[in-house]
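So the protein lines, in turn, are chains A and B. The letter at position 141 of the first sequence is residue 141 when you use our numbering, and the numbering goes up by one with no holes. The letter at position 285 of the second sequence is residue 285 when you use our numbering, and the numbering goes up by one with no holes. Just so you know, even glycine gets a beta-carbon here, dropped at the ideal spot from N, CA and C. Quick caveat: nothing in here was measured; it's all calculated off a predicted structure.
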Amino acid sequence: MEEAQIKQIIERQPLHGSALLDPRCKILLLVCIGFVSYFLAGEVVSLALMLVYGAFIALGNGGKWAVKMIVTYIIVAYLNALLRYVQVPVLSVIMSVFGVTVLKLIPIVMMGLWILRTTYMDDLMVALQRMRLPQAVTIPLVVMFRYIPTLRIEYRQIRCTMDIRGISDTFWKRVSHPLATIEYILIPLLMRCLKVTDELAASGTTRGLELECKRYALRPIRFAWPEIVVSLLGILFLAGLLLIDQTKIGEIILWRV
Amino acid sequence: MISFQNFSFRYEESQDYTLRGIDMTVETGEFILLTGRSGCGKTTLIRSLNGLIPHFYPGEIQGDLVMDGHSLLEMKPSGLAGQVGTVFQDPRSQFFMTDTTRELAFGCENMGLPREETIERIAKAAKDLELVDYLNRSIFALSSGEKQQIAIGSVYALSPKVYIFDEPSANLDYAATKRLAEIMGKLKQDGYTIFVVEHRFYYLRDLIDRVFLIQDGKVEREFTREQFCALPEKTRISYGLRTAYPERDAKNYHEKERLFDGKHLLAVQNLAFSYKKGPDVFQNVSFEAHAGDVIGILGHNGAGKTTLLSILTGLLKQQQGEISFDGKKLTPRQRRALSYLVMQDTDYQLFASSVEEELSLGIKDDCKEKVDTTLDALELSEYRERHPASLSGGQKQRVTIGAAIVKDSPVIYFDEPTSGLDYDSMVRVSNLIEQLSNSGVIVFVVSHDFEFIVRTCTEVVQLDDHGAIQNHRLSPEILKTLSEKYFN
């Protein structure tokens, strides 16, 4: 195959729409959602937040994921509403606090994991560098970003051996000895983590990770007009939600059982 | 030209020098094999070459290390990035990016190359090393062999003058190893200087120019290719070296008698499996295993060896067929209770806070006596109080085997037990398996290590592309056909 053809393959782009925004823009929106989600009390505005950002994600390779998270959101909201009928002292309070926390977390998780999936590592490194963050911050961040998908694979491996060894292999053992189960999972996970991050760092170092040159990603990374418009709209929308939350609309109860 | 001049190194945390007075000169374009027992210092030697010593692994240095008239000791590893390229042992832990194209670009981006040049360079790497089919893929979807090729490509894009390979074949099957040798051959042809650290060096026998045997941190001997390949077996073994011609072992195979005919019988009938929405991994797999059999499971990467192992050990449920033990049909749960799996990566398998506790973990009855005898048998008694994570790789492996013995499993599975092992450790694992077999355990071994298979197995099960399976009692003839398949 000719090099020109190979270059075309290299420049081929599986991502589209909002997934191609500058990572800085995505992170900015995530941070804003993080703040606002906890301040919104009204059920209508919270749902609006979920729906609008779900649509935003759906425009960038995240359609299925957005639907999944919105459905989860509605189910959790209904379960929360059901809690009203459970009248156990203390436990009810704990449960409802827990339920509300989970509900507030869902939009953040939705956005966060979408960013994780639709951001190329080199785009992220360039974006972080352009933000003038020092390497002491960017390198650990990138290693972490890279390690998250690996965690799942490692976790599965460990569960397999636990099953064969006969430790925490049944639901009952997991429930009756939760601490032991966590310990059995955490220890090998930490050991692997230490080893992998060490090897990863060595491999990165020999390929010049520590050089402080200006980096260029495989595609241009710019905080240009689209990013500015999206950021402004996103922030205005969130500010609007905060305002509407103070009005009558904030008091409407959606989730009734 | 690279020369080590009376070079010594001591790691900061250690009392003794790991390298002691190395004198070694390598010309540009030479293909060098560094070999020797585990812990002899060969990894330390290449760490000094790529600058990880002393900047990443600090310690005390004496002597000098000079490349083309400049001392390497004054250079940082990042400064060496465009000059010395390293491919590490474990392909899983040397990827910074989550997709292949960006992994190839990683080094160039670190060097601050402009976009067009980076693309130019990775296109060249993809063309020269035939990596086009792997472009734009998630690295989690690649096999070990494919990952290793991408790792080489990523170094190639930086166009270094010197290549270092640290046990590159440890995680590869025969086909992937052959491909690795092809790539190395091409690099040699293009005039690069190449250093390879390797125990299983048979695939390099036509490429090497000189071999340095490292012992206790010193260059014990230096060979030319001819001298090295013609080493008499006794001398080779006394140095703890693997064979350069594993296929020759086929002739020396002694058939072993079945000691326990009729004691236990594990029968597998018409096993079939496919992942959701995927094609069949295999179908119609049938074979039998008797107590004392040591069965090698062979097949290239992706032929379904791991899946077969998962079904046999009860981690997965088969879609068709059945597995029975002494005539009794087994559910996955019963299979889990019967079996024990010794994984390639022992880190996943050690849970407890001491070796002693590790062996008795998950066992309900009192087993103190058994733990004691097992610890003795595996030469682990002196480490009984130690944390398993603080042991060496070989010792960790013995601890997991110990846990299998204490669990009293009638069937024990080994996944690549000899990857990255020197001759002595390989023989030790082989002997351990023989002991297990002599006590009536059924042993399954997934392995690519021909030398080890010939030494250890009594039978082989072969998985091929169509997922069909054949099982044969091993004989010199079968080994001969196998060796032709692998080595020609």
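- Shown here, I221 (chain A) sits in coil according to DSSP, grouped into three states, outside any helix or strand.
- Chain-order list of chain B residues neighbouring V196 (chain A): D90, R92 and S93, by C-beta distance under 9 Å.
- For secondary structure counted as the alpha helix (DSSP H) over 4 or more consecutive residues, the region 118 to 147 of chain A holds these complete runs in sequence order: 121 to 130.
- In this structure the region 99 to 110 of chain B does not touch the region 165 to 178 of chain B; the number of beta carbon pairs closer than 8 Å is below three.
- Every beta strand (DSSP E) of 3 residues or more that sits fully in the region 127 to 178 of chain B is shown, in chain order, as 162 to 166.
- Against chain A, the beta carbon of R115 (chain B) has neighbours under 9 Å at Y216, A217, L218, R219 and P220, listed in chain order.
- Per DSSP, N50 (chain B) lies in no beta strand (DSSP E) segment and is marked neither H nor E.
- Residue burial annotation: I119 (chain B) is buried, with at least 16 other C-beta atoms found within 10 angstroms of its C-beta.
- Fewer than three Cβ pairs drawn from the region 128 to 147 of chain B and the region 22 to 33 of chain A lie within less than 8 Å of each other, which leaves the two stretches out of contact.
- Rounded to the nearest whole angstrom, the CA to CA distance from L194 (chain A) to F88 (chain B) is 17 Å.
- DSSP places T346 (chain B) in no beta strand (DSSP E); its state is neither H nor E.
- Put simply, the CB of A170 (chain B) is far from chain A, with every gap to its CB atoms at 9 Å or more.
- In this structure the region 152 to 169 of chain B lies against the region 39 to 55 of chain B, because at least three pairs of beta carbons, one per stretch, are closer than 8 Å.
- C-alpha of V71 (chain A) to C-alpha of G36 (chain B): approximately 60 Å in a straight line.
- For the region 65 to 79 of chain B, the set of positions with a beta-carbon nearer than 9 Å to some beta-carbon of chain A reads K76, P77, S78 and G79 in chain order.
- A buried status is given to I122 (chain B), since no fewer than 16 other beta-carbon atoms sit within 10 Å of its beta-carbon.
- Note on geometry: alpha-carbon atoms of N301 (chain B) and L172 (chain B) lie some 8 Å from one another.
- Residues of chain A with a Cβ closer than 7 Å to the Cβ of I122 (chain B) are, in chain order, I10.
- Boundaries for S354 (chain B): no alpha helix (DSSP H) harbours it, and the DSSP string shows neither H nor E there.
- Non-local beta-carbon contacts of L213 (chain B) in its own chain, meaning distances under 8 Å to residues more than five positions away in sequence, involve T35, G36, V219, E220, R221, E222, F223, Y239 and L241 in chain order.
- Unbroken alpha helix (DSSP H) stretches of 4 residues or longer found wholly inside the region 175 to 239 of chain A: 178 to 206, given in chain order.
- For M111 (chain A), no pairing in a beta bridge is given by DSSP.
- Taking 9 Å as the CB threshold, G60 (chain A) stays off the interface with chain B.
- The straight-line gap separating the alpha-carbon atoms of K480 (chain B) and T205 (chain A) is approximately 45 Å.
- One finds I119, E120 and A123 in chain B with Cβ atoms closer than 8 Å to the Cβ of K7 (chain A), taken in chain order.
- In this structure, the CA atom of L124 (chain A) is about 22 Å from the CA atom of R152 (chain A).
- R146 (chain A) reaches chain B at F96 and T98, counting residues in chain order whose Cβ is nearer than 7 Å.
- Secondary structure remark: continuous alpha helix (DSSP H) runs of at least 4 residues inside the region 423 to 452 of chain B, in chain order: 423 to 438.
- Taken through DSSP and simplified to helix, strand or coil, G99 (chain A) comes out as helix.
- In this structure, the straight-line span from the alpha carbon of R174 (chain A) to that of S168 (chain A) is close to 5 Å.
- By a beta-carbon distance limit of 8 Å, G51 (chain B) contacts L80 (chain B). Their separation comes to about 4 Å.
- Boundaries of the alpha helix (DSSP H) harbouring N110 (chain B): T100 to N110, taken from the DSSP string.
- Interface annotation for the region 37 to 52 of chain B against chain A: R47, N50, G51 and L52, criterion Cβ-Cβ distance under 9 Å.
- By the C-beta criterion, the region 415 to 426 of chain B is judged to be in contact with the region 434 to 453 of chain B, since at least 3 inter-stretch pairs fall below 8 Å.
- Fully contained in the region 167 to 240 of chain B are the following beta strand (DSSP E) runs of length 3 or more, in chain order: 193 to 197, 210 to 215 and 218 to 224.
- Against chain A, a Cβ distance below 8 Å from S339 (chain B) picks out I164.
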